[in-house]
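Per the UniProt record's numbering, the sequence shown runs over residues 1 to 198. Idealized CB from N, CA, C, for every residue including glycine. Scroll down for the structure; my scribbles are underneath it.
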Amino acid sequence: MRYAGEEAMGLIETLGMVPSIYGADYMLKAADVDLVAYENVGSTLVTIMVKGDVAAVQASVAAGAAAAASVGKLTAQNVMPRPVRGVGSIAMAHALDTIPEDDPGLRSLGMIETFGIIYLMEAADAMIKTADVELIGYENVASGYCSALVQGDVAACKSAVEAGIKAVKNMGADVYSSCVIPTPHRHLVKLVRRYALS
(Lines of atoms letter the chains of each structure in order from A; the text may use other names.)
(Lines give C-alpha, C1' and ligand atoms only; values in the text may rest on other atoms or scores of the structure.)
Protein backbone atom coordinates (compact mmCIF):
# COMPACT_ATOMS: atom_id res chain seq x y z
CA MET A 1 0.00 0.00 0.00
CA ARG A 2 1.60 3.26 -1.11
CA TYR A 3 1.43 6.48 0.87
CA ALA A 4 1.23 9.68 -1.18
CA GLY A 5 0.60 12.25 1.54
CA GLU A 6 -3.15 12.57 1.03
CA GLU A 7 -4.22 10.88 4.28
CA ALA A 8 -3.36 10.98 7.95
CA MET A 9 -0.49 8.79 9.09
CA GLY A 10 -0.29 6.96 12.41
CA LEU A 11 2.88 5.54 13.91
CA ILE A 12 3.87 3.47 16.90
CA GLU A 13 7.45 2.64 17.81
CA THR A 14 8.54 -0.10 20.18
CA LEU A 15 11.61 -1.63 21.66
CA GLY A 16 11.72 -4.99 19.91
CA MET A 17 9.71 -6.68 17.21
CA VAL A 18 7.09 -8.61 19.20
CA PRO A 19 5.41 -5.53 20.71
CA SER A 20 5.34 -3.86 17.29
CA ILE A 21 3.58 -6.79 15.59
CA TYR A 22 1.16 -7.13 18.49
CA GLY A 23 0.46 -3.41 18.31
CA ALA A 24 0.02 -3.54 14.53
CA ASP A 25 -2.66 -6.21 14.88
CA TYR A 26 -4.61 -3.99 17.27
CA MET A 27 -4.13 -0.96 15.01
CA LEU A 28 -5.64 -2.79 12.06
CA LYS A 29 -8.56 -4.18 14.06
CA ALA A 30 -9.44 -0.93 15.84
CA ALA A 31 -10.27 1.22 12.82
CA ASP A 32 -10.42 1.40 9.03
CA VAL A 33 -6.73 1.98 8.36
CA ASP A 34 -4.21 0.50 5.95
CA LEU A 35 -0.85 -0.91 7.00
CA VAL A 36 1.65 0.92 4.79
CA ALA A 37 5.16 0.45 6.16
CA TYR A 38 7.48 -0.68 8.88
CA GLU A 39 10.94 0.45 9.78
CA ASN A 40 13.56 -1.48 11.74
CA VAL A 41 15.26 1.69 12.95
CA GLY A 42 18.16 -0.05 14.66
CA SER A 43 19.16 -0.20 18.31
CA THR A 44 16.08 -2.43 18.81
CA LEU A 45 13.51 0.15 17.67
CA VAL A 46 10.75 -0.98 15.30
CA THR A 47 8.12 1.36 13.84
CA ILE A 48 4.72 0.52 12.36
CA MET A 49 2.94 2.99 10.05
CA VAL A 50 -0.72 3.10 9.01
CA LYS A 51 -2.80 5.53 6.98
CA GLY A 52 -6.45 6.55 6.89
CA ASP A 53 -8.70 9.43 7.86
CA VAL A 54 -7.69 11.37 10.97
CA ALA A 55 -10.29 9.89 13.33
CA ALA A 56 -9.54 6.33 12.22
CA VAL A 57 -5.80 6.85 12.58
CA GLN A 58 -6.26 8.36 16.06
CA ALA A 59 -8.29 5.35 17.19
CA SER A 60 -5.82 2.97 15.56
CA VAL A 61 -2.76 4.51 17.21
CA ALA A 62 -4.42 4.59 20.62
CA ALA A 63 -5.30 0.89 20.38
CA GLY A 64 -1.93 -0.14 18.97
CA ALA A 65 0.05 1.85 21.53
CA ALA A 66 -1.88 0.33 24.44
CA ALA A 67 -1.47 -3.19 23.05
CA ALA A 68 2.26 -2.79 22.40
CA ALA A 69 2.82 -1.40 25.89
CA SER A 70 1.01 -4.39 27.40
CA VAL A 71 3.64 -6.85 26.10
CA GLY A 72 6.78 -4.70 25.85
CA LYS A 73 8.03 -1.16 25.77
CA LEU A 74 6.34 1.51 23.66
CA THR A 75 8.91 4.22 22.92
CA ALA A 76 6.79 6.64 20.85
CA GLN A 77 3.44 7.16 19.14
CA ASN A 78 2.18 9.86 16.81
CA VAL A 79 -0.69 10.91 14.57
CA MET A 80 0.24 13.15 11.64
CA PRO A 81 -3.01 14.61 10.22
CA ARG A 82 -1.56 15.58 6.83
CA PRO A 83 2.18 14.98 6.40
CA VAL A 84 3.92 16.60 3.45
CA ARG A 85 4.84 14.42 0.50
CA GLY A 86 8.51 14.22 1.49
CA VAL A 87 7.61 12.68 4.84
CA GLY A 88 5.52 10.15 2.94
CA SER A 89 8.65 9.26 0.96
CA ILE A 90 10.45 8.43 4.21
CA ALA A 91 7.57 6.13 5.14
CA MET A 92 7.85 4.35 1.81
CA ALA A 93 11.51 3.42 2.33
CA HIS A 94 10.26 0.06 3.63
CA ALA A 95 6.77 -0.07 2.19
CA LEU A 96 4.86 -3.30 2.64
CA ASP A 97 3.72 -5.15 -0.44
CA THR A 98 0.16 -6.13 -1.20
CA ILE A 99 -0.95 -9.62 -0.24
CA PRO A 100 -0.85 -12.13 -3.11
CA GLU A 101 -4.30 -13.53 -3.88
CA ASP A 102 -3.13 -17.09 -3.25
CA ASP A 103 -1.57 -16.32 0.15
CA PRO A 104 -3.23 -18.58 2.74
CA GLY A 105 -2.94 -15.95 5.47
CA LEU A 106 -1.91 -16.62 9.04
CA ARG A 107 -3.24 -19.08 11.54
CA SER A 108 -2.91 -18.20 15.21
CA LEU A 109 0.44 -16.53 15.80
CA GLY A 110 2.78 -17.10 18.74
CA MET A 111 5.80 -14.86 19.29
CA ILE A 112 8.68 -14.75 21.72
CA GLU A 113 11.56 -12.27 22.02
CA THR A 114 14.73 -12.73 24.04
CA PHE A 115 17.93 -10.86 24.71
CA GLY A 116 20.45 -13.08 22.96
CA ILE A 117 20.15 -15.72 20.27
CA ILE A 118 21.20 -18.59 22.53
CA TYR A 119 18.06 -18.11 24.61
CA LEU A 120 15.93 -17.67 21.51
CA MET A 121 17.15 -20.90 19.96
CA GLU A 122 16.40 -22.78 23.20
CA ALA A 123 12.95 -21.20 23.31
CA ALA A 124 12.22 -22.03 19.65
CA ASP A 125 13.34 -25.62 20.18
CA ALA A 126 11.03 -25.98 23.19
CA MET A 127 8.14 -24.36 21.33
CA ILE A 128 8.35 -26.75 18.40
CA LYS A 129 8.89 -29.85 20.54
CA THR A 130 5.97 -29.01 22.85
CA ALA A 131 3.19 -28.22 20.41
CA ASP A 132 2.10 -28.68 16.83
CA VAL A 133 3.37 -25.32 15.59
CA GLU A 134 5.39 -24.25 12.57
CA LEU A 135 8.35 -21.91 12.91
CA ILE A 136 7.60 -19.23 10.30
CA GLY A 137 9.88 -16.34 11.14
CA TYR A 138 12.97 -15.01 12.85
CA GLU A 139 14.42 -11.55 13.29
CA ASN A 140 17.38 -9.95 15.01
CA VAL A 141 16.40 -6.32 15.54
CA ALA A 142 19.89 -5.40 16.81
CA SER A 143 21.41 -4.81 20.23
CA GLY A 144 20.84 -8.47 21.06
CA TYR A 145 17.05 -8.68 20.76
CA CYS A 146 15.96 -11.74 18.77
CA SER A 147 12.45 -12.96 17.96
CA ALA A 148 10.83 -16.17 16.75
CA LEU A 149 7.34 -16.50 15.26
CA VAL A 150 5.29 -19.69 15.13
CA GLN A 151 1.83 -20.44 13.83
CA GLY A 152 -0.71 -23.16 14.54
CA ASP A 153 -4.05 -23.39 16.27
CA VAL A 154 -4.68 -21.17 19.30
CA ALA A 155 -4.11 -23.84 21.93
CA ALA A 156 -0.90 -25.01 20.27
CA CYS A 157 0.48 -21.46 20.07
CA LYS A 158 -0.33 -20.84 23.74
CA SER A 159 1.37 -24.07 24.78
CA ALA A 160 4.36 -23.32 22.57
CA VAL A 161 4.86 -19.82 23.98
CA GLU A 162 4.53 -21.10 27.56
CA ALA A 163 7.13 -23.78 26.82
CA GLY A 164 9.48 -21.23 25.28
CA ILE A 165 9.24 -18.96 28.32
CA LYS A 166 9.86 -21.89 30.66
CA ALA A 167 12.90 -23.02 28.66
CA VAL A 168 14.46 -19.56 28.89
CA LYS A 169 13.72 -19.34 32.63
CA ASN A 170 15.36 -22.74 33.10
CA MET A 171 18.53 -21.20 31.65
CA GLY A 172 18.41 -18.46 34.28
CA ALA A 173 17.16 -15.69 31.99
CA ASP A 174 13.90 -13.93 31.24
CA VAL A 175 11.97 -13.53 28.01
CA TYR A 176 11.74 -9.87 27.01
CA SER A 177 8.35 -10.13 25.31
CA SER A 178 5.87 -12.80 24.26
CA CYS A 179 2.28 -13.05 23.10
CA VAL A 180 -0.26 -15.04 21.15
CA ILE A 181 -2.55 -13.49 18.52
CA PRO A 182 -5.48 -15.92 18.19
CA THR A 183 -6.85 -14.45 14.93
CA PRO A 184 -4.30 -12.18 13.24
CA HIS A 185 -5.71 -9.44 11.03
CA ARG A 186 -5.46 -10.49 7.38
CA HIS A 187 -3.10 -7.64 6.49
CA LEU A 188 -0.67 -8.57 9.26
CA VAL A 189 0.64 -11.17 6.84
CA LYS A 190 2.32 -8.32 4.90
CA LEU A 191 4.50 -7.65 7.92
CA VAL A 192 5.07 -11.20 9.14
CA ARG A 193 6.20 -12.42 5.72
CA ARG A 194 9.14 -9.97 6.00
CA TYR A 195 10.57 -12.18 8.72
CA ALA A 196 9.97 -15.50 6.95
CA LEU A 197 12.61 -18.19 7.16
CA SER A 198 13.66 -19.46 3.75
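Item checked: Inter-residue Cα distance where the pair is residue 68 and residue 148 -> For the purposes of this step, residue 68 is identified with residue 68 of the sequence shown, where counting begins at 1. For the purposes of this step, residue 148 is identified with residue 148 of the sequence shown, where counting begins at 1. Taking the straight line from one Cα to the other gives about 17 Å.
Checklist line | Simplified DSSP state of residue 99, which is helix, strand or coil | finding: Position 99 of the sequence shown, counted from the first residue, corresponds to residue 99. Looking at residue 99 - three-state DSSP - the assignment turns out to be coil, as it is neither helix nor strand.
Margin query: According to DSSP, simplified to helix, strand and coil, what is residue 89?
Written below: Residue 89 sits at position 89 when you count from the first residue of the sequence shown. Residue 89: helix per DSSP, three-state reduction.
Check: When DSSP builds the beta bridges, which residues end up paired with residue 183?
Finding: On the sequence shown, residue 183 is found 183 positions in, with the first residue counted as 1. Looking at the DSSP assignment, residue 183 forms no beta bridge with any residue, so it has no partner.
Checklist line | Three-state class that DSSP yields for residue 57 in the structure shown | finding: Numbered from 1 along the sequence shown, position 57 holds the residue referred to as residue 57. Residue 57 falls in the helix class under three-state DSSP.
Margin query: Whole angstroms are fine: how far does the CA of residue 17 sit from the CA of residue 135?
Written below: As a first step, residue 135 must be located in the sequence shown, where it is residue number 135. As a first step, residue 17 must be located in the sequence shown, where it is residue number 17. Cα to Cα, the separation comes out at about 16 Å.
Check: Across which residues does DSSP place residue 51 in a beta bridge pair?
Finding: Here residue 51 corresponds to residue number 51 of the sequence shown, with the count starting at 1. Looking at the DSSP assignment, residue 51 forms a beta bridge with 9 and 34.
Note to self: On the DSSP letters alone, give me the boundaries of the alpha helix (DSSP H) that residue 164 sits inside.
What the structure shows: Sequence index remark: in the sequence shown, residue 164 carries index 164 (1-based). Looking at the DSSP string, the run of the alpha helix (DSSP H) that includes residue 164 is 154-170.
Notebook entry, point to check: Given 8 Å as the limit, is there contact between the segment 114-127 and the segment 92-102, that is, 3 or more CB pairs closer than that?
Noted result: no
Checklist line | DSSP three-state assignment for residue 143, whether helix, strand or coil | finding: Working through the sequence shown from its first residue, we reach residue 143 at position 143. Three-state result, residue 143: coil.
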